[in-house]
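Everything in the sequence shown is counted per my numbering, starting at 700 for the first residue and increasing by one. Cβ atoms here follow ideal geometry from the backbone N, Cα and C, with glycine treated the same way. Presented below is the structure to which this report refers.
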Amino acid sequence: MIDRSRVIVLLQRWTRFAERWWYDIPGSDQLGCFATGYNSWGVQTNQKYVAAQAILAVETSLTQQDRDWALQRALSSLRFSLESHRSGSITCTDGNKWGHTWISALGIERMMHGLHAIREHLTDLDRQNIKRLIESECDWLTTSYRRSAHVGVQADKWNHTGKNDPESNLWNGCLLWRGATMYADHPRAADWREMSLRFLANGVSIAADANDSTMYDGKPLRDRHIGASFFDSYALDHHGYLNVGYMIICVSQAAMLHFDYRLAELPTPELLHLHQRDLWQTVRKMTFDNGRLARIGGDSRVRYAYCQEYLIPSLMYASDQFDETTCETKIKGILDFIETEAAANVDGSFYGKRLDELARLNPYYYIRIEGDRASALSMALAYAPVVKPSHQAAENPPITIWSDDEHGAVLHKSATRFASFSWRAHGIGQGLCVPPDASDLAEWDQNLTGEVDFYHQPPSVWQHTAASRRKLISHRLTNFDGGFVTSGVLAEGVNTHLSEGWSSPELARHFIGFVALPDGHTVVGIQVVRTGTVRSLVRSVKGMKLNVPNDVQNRQVRKIETVSRSWQLQTNVGANLMDLQSRWITIDGKLSAIALTGAATLALDRSSRKRGGIVPNLTVDQICAGHRIGRPWLADPHTLLLDCAWMVSTVDSDHAKKLADSNINATITQPNPLVRVLYVMDVAGKAYTIAFNVSEAAQRTEINGQLLEMEAAELRMIE
């Protein structure tokens, strides 16, 4: 299932890099730590390092010298972690003791496979201190648990309530179960056990659990249910957006206890696996064939990192429990892109070159990201011997349809196209259209929803700051055989502030229509942006905005073809804007964009700074259908800043040219000035009429001699 030699090389190379972050605790010859040694994520980073070194310490393919060194580092960092806990004798390097928080259990859980590996090397004092730490955490979780302002176990499907806690419910439940089974003779073990089950029942929980009488671990599910953490579709609103990454984190938490206890030959609770099969069947649809997550709801974190790492144990769990057929192929793909990035770093790090800016601005966060990859790779080595491989034949890629009306997300995946749209994405609004075998072409930040940027302080340097300038007003979506239709309204320029003293709650309304045509290749977009009742100071306007990553995973070069030329587009070292003088463009012979209306030609927008992810960490080029940037300008009230239509299709340049030619007359007619009527043809030559009401009131329009009644912001497709 896993090529152990590849993983060992990556881990061993990384631990040598990690030496620059090693710290010997003054006054002790047995204690040391990896990275800062601070409380919070500093503790967790050190604990992940414990696991990585512990797994290498028992790897028989290494020399005895290498194993001895790894064991010494594992034991030193473990002992520092044990002693700097609230129940221990020293503090972290920042003068604080760690523990007794909603997240303390996470680092413990992520190092437990390492402790199992070196169990024979632990002293009696080590075992006593591990027992002391776990008992202390279990007592706090049982009697005093709180997360932010909320006391006790909480569950709610909406993030804004502050109670959407599925991942922490799972890791806290798992640690409590460990305490109750490892120290079953403890006088409070029964209380820990019941609290564990209460946490686990509200991990992957849905609304129907409230009335479910199925017995789990001695009680009906409804008796331990507090609330739904997931939507009925298994969408997750974590961090306030459709968070595919944390859906994976929830699977990985079950995987860790499941495999740790198989290794230890101990029983796991039935509630550990509650709805995990259904959750997996959802997230597997949001995973590319090479193992990269298809984050249809965007990502507020570092690209290709953190949650992505923990897909490794999740895949192993899915193979073992649900007979997942793609585990081996996807883990191989994950190792491929880990090796690709590691090879770019001469220092042995996983991310050094790409995340150099993050390392400079926030080394505390940077080294945490490095540790997560090491942690997940060490799990791959630890769990591989006990994973039951799938016994099913590998399936042909099925046509996949998934949607959630309430959360405003939809995807359609076939052998030739991955298309999706999410309204409650990070950044509010995000579309995707990529070949299903081209994960490196997917970049999330407000993709295919254009950009309207007003002047404000501070400027939108940080992704989360830019994202906060949008607000979802309304949305609707409809699936049909072969695709979907969705439309909605966004507020733009939300809470704009200009120094000193001027502010506005909102500056424009953005109407977006998005159709995944049933040809298996093409999506069509219509965008109209209209300013509100005040003059607006505009920085930039971009139609479509197809994000094209041009970084480490594609070897920093893209092949570009247009109507008049083809060339190699190297990763940019300076900002520039290029009029492509072409209505169509093809990237790497597999993804094409076509301007339909509102722009005579496409534009290529390049930036001198990375712009993908928090503390931007990925170089991204942008293809735009309509582009205005440069000197600021003042737009009068009710001005149309953007009025365009475009196509993106998973086709090569020959088909792109034909598609552009067949849609040369795809002009928007306006029998009603508040309705856009677009006539298009798909790859197969089939014609469609698309009507979009770009107002927030019902409208009537005449199409082909027939009267059409349309609701506010409604989009219809007529074959």
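Do F1117 and T1185 have their C-beta atoms within less than 8 Å of each other? Here the question's residue 1117 lines up with position 418 in the sequence shown. Here the question's residue 1185 lines up with position 486 in the sequence shown. Using a Cβ distance threshold of 8 Å, F1117 and T1185 do not count as a contacting pair.
Does DSSP put Q952 in a helix, a strand or coil? Taking the first residue of the sequence shown as 1, we reach residue 952 at position 253. Correct three-state label for Q952: helix.
Excluding sequence positions up to five away, which residues of its chain have a Cβ less than 7 Å from the Cβ of I701? Along the sequence shown, read from residue 1 onward, the residue named residue 701 stands at position 2. The answer, listed in chain order, is I1030, A1079 and A1083.
Look at the alpha carbon of I1211 and the alpha carbon of C1343, and state the distance between them as a whole number of angstroms. Against the sequence shown, residue 1211 aligns to sequence position 512. Against the sequence shown, residue 1343 aligns to sequence position 644. I1211 and C1343 have their alpha carbons spaced roughly 10 Å apart.
Does the region 813 to 833 touch the region 765 to 775, meaning 3 or more C-beta pairs lie closer than 8 Å? yes
With three or more beta-carbon pairs closer than 8 Å as the criterion, would you say the region 1015 to 1031 touches the region 1049 to 1069? As far as the Cβ criterion goes, the region 1015 to 1031 does not touch the region 1049 to 1069, which means the pair count is below three.
Is the distance from the Cβ of L1147 to the Cβ of G1224 below 8 Å? Working through the sequence shown from its first residue, we reach residue 1147 at position 448. Working through the sequence shown from its first residue, we reach residue 1224 at position 525. Yes; because the gap between Cβ atoms is below 8 Å, this pair is in contact.
Stretch-stretch touch, CB-based, cutoff 8 Å, three pairs: the region 837 to 846 with the region 798 to 806: yes
Between W713 and the ligand HEM, is there a pair consisting of the residue's CB and a ligand heavy atom that are separated by less than 7 Å? Of ligands this structure carries none, so the ligand HEM is not represented either.
So, do the region 914 to 934 and the region 1101 to 1112 have three or more beta carbon pairs nearer to each other than 8 Å? Contact between the region 914 to 934 and the region 1101 to 1112 is present, because at least three Cβ pairs lie under 8 Å.
Here's the rule: buried if 16 or more other CB atoms are within 10 angstroms of the residue's CB, otherwise exposed. What is N745? Residue mapping note: residue 745 aligns to position 46 of the sequence shown, counting from 1. Under this definition N745 is a buried residue.
Helix, strand or coil at E1418 according to DSSP, with G and I counted as helix: For this step, residue 1418 is matched to residue 719 along the sequence shown. Of the three classes helix, strand and coil, the one that applies to E1418 here is coil, per DSSP.
Starting from the C-beta of G939, find all residues in its chain whose C-beta is less than 7 Å away, skip the five residues before and the five after it, and write them out in chain order. Here residue 939 refers to the residue found at position 240 of the sequence shown. Contacts found: N858 and H859.
Cα-Cα, which of L1057, Y1005, D1287 and I1066 is closest to S1138? Numbered from 1 along the sequence shown, position 439 holds the residue referred to as residue 1138. Among L1057, Y1005, D1287 and I1066, the Cα nearest to that of S1138 is on D1287.
Could you check the C-alpha separation between T1388 and V1347 for me, to the nearest Å? If you number the sequence shown from 1, residue 1388 lands on position 689. If you number the sequence shown from 1, residue 1347 lands on position 648. Taking the straight line from one Cα to the other gives about 17 Å.
With three or more beta-carbon pairs closer than 8 Å as the criterion, would you say the region 1171 to 1185 touches the region 1198 to 1217? yes
Report buried or exposed for L899, applying the criterion of at least 16 other Cβ atoms within 10 angstroms of its Cβ. In the sequence shown, residue 899 corresponds to position 200, counting from 1. Buried, by the Cβ-count rule.
Quick one: is A1075 buried, meaning 16 or more other Cβ sit within 10 Å of its Cβ, or exposed? In the sequence shown, residue 1075 corresponds to position 376, counting from 1. When all chains shown are included, A1075 counts as buried.
Bridge partners of P919, per DSSP? Residue mapping note: residue 919 aligns to position 220 of the sequence shown, counting from 1. P919 pairs with M914.
Output the residue ranges of the alpha helix (DSSP H) runs that lie fully inside the region 1042 to 1073 and measure 4 residues or longer, sorted by chain position. 1055 to 1060
Answer yes or no: do A1149 and K1289 have a C-beta to C-beta separation smaller than 8 Å? One-based indexing of the sequence shown puts residue 1149 at position 450. One-based indexing of the sequence shown puts residue 1289 at position 590. Here residue 1149 is Gly; the residue named in the question, Ala, does not match the sequence. In this structure, K1289 does not lie closer than 8 Å to G1149 by Cβ.
Out of curiosity, what's the CA-to-CA distance linking G851 and Q827? Taking the first residue of the sequence shown as 1, we reach residue 851 at position 152. Taking the first residue of the sequence shown as 1, we reach residue 827 at position 128. For the pair G851 and Q827, the Cα-to-Cα distance works out to about 28 Å.
Does the beta-carbon distance from H1209 to H1155 come in below 8 Å? Residue mapping note: residue 1209 aligns to position 510 of the sequence shown, counting from 1. Residue mapping note: residue 1155 aligns to position 456 of the sequence shown, counting from 1. Contact flag unset, no.
Which of the three DSSP states, helix, strand or coil, is assigned to D1420? Nothing about residue 1420 can be reported from this structure: the residues present for the chain run from 700 to 1418 only.
With a 10 Å radius around its C-beta and 16 neighbouring C-beta atoms as the bar for buried, classify A753 as buried or exposed. Here residue 753 refers to the residue found at position 54 of the sequence shown. The residue in question, A753, is buried, as its Cβ has 16 or more Cβ neighbours within 10 Å.
Would you tell me roughly how many angstroms separate the C-alpha atoms of P919 and V982, rounded to the nearest one? For the purposes of this step, residue 919 is taken as the residue at position 220 of the sequence shown. For the purposes of this step, residue 982 is taken as the residue at position 283 of the sequence shown. Roughly 27 Å between the two C-alpha positions.
8 Å Cβ cutoff met for G792 and G736: Here residue 792 refers to the residue found at position 93 of the sequence shown. Here residue 736 refers to the residue found at position 37 of the sequence shown. Note that residue 792 corresponds to Thr in the displayed sequence, not to Gly. Yes, the pair counts as a contact, with Cβ atoms nearer than the cut-off.
Mind reading off the beta-carbon distance from Q1321 to N1246? Whole number of angstroms is fine, and I expect it under 8 Å. On the sequence shown, position 622 is the one that residue 1321 refers to. On the sequence shown, position 547 is the one that residue 1246 refers to. At roughly 6 Å, the Cβ-Cβ gap stays under 8 Å, so Q1321 and N1246 are in contact.
Short Cβ contact (8 Å threshold) for L1054 with N1316: Mapped onto the sequence shown, residue 1054 falls at position 355. Mapped onto the sequence shown, residue 1316 falls at position 617. N1316 sits close to L1054, with the two beta carbons spaced by under 8 Å.
Less than 8 Å between the CB atoms is what I'm expecting for G872 and S904, so what's the real figure, rounded? Taking the sequence shown and counting its residues from 1, one reaches residue 872 at position 173. Taking the sequence shown and counting its residues from 1, one reaches residue 904 at position 205. The pair is not a contact, with the Cβ atoms about 12 Å apart (cut-off 8 Å).
Buried or exposed for Y1063, please, with buried defined as at least 16 other CB atoms from any protein chain shown within 10 angstroms of its CB. Position 364 of the sequence shown holds residue 1063. With fewer than 16 Cβ atoms within 10 Å of its Cβ, Y1063 is classed as exposed.
Could you check if E657 is buried or exposed, using at least 16 other CB atoms within 10 Å of its CB as the buried criterion? With the chain covering 700 to 1418 only, the question about residue 657 has no answer from this structure.
Only counting the same chain, and skipping five residues up and downstream in sequence, which positions put a Cβ closer than 8 Å to that of H1090? Translated into positions along the sequence shown, residue 1090 becomes position 391. Around H1090: D1022.
Using CA atoms only, rank isn't needed, just tell me which of S1263, A1412 and A1390 is closest to Q1405. Sequence index remark: in the sequence shown, residue 1405 carries index 706 (1-based). Closest by alpha carbon: A1390.
Between the CA atoms of V706 and D864 - distance to the nearest angstrom: Within the sequence shown, numbered from 1, the residue matching residue 864 stands at position 165. Within the sequence shown, numbered from 1, the residue matching residue 706 stands at position 7. Rounded to whole angstroms, D864 to V706 spans 32 Å at the Cα level.
Hey, quick one: how far does the alpha helix (DSSP H) through P1248 stretch, first residue to last? Taking the first residue of the sequence shown as 1, we reach residue 1248 at position 549. Unbroken run through P1248 is the beta strand (DSSP E), L1245 to P1248; no alpha helix (DSSP H).
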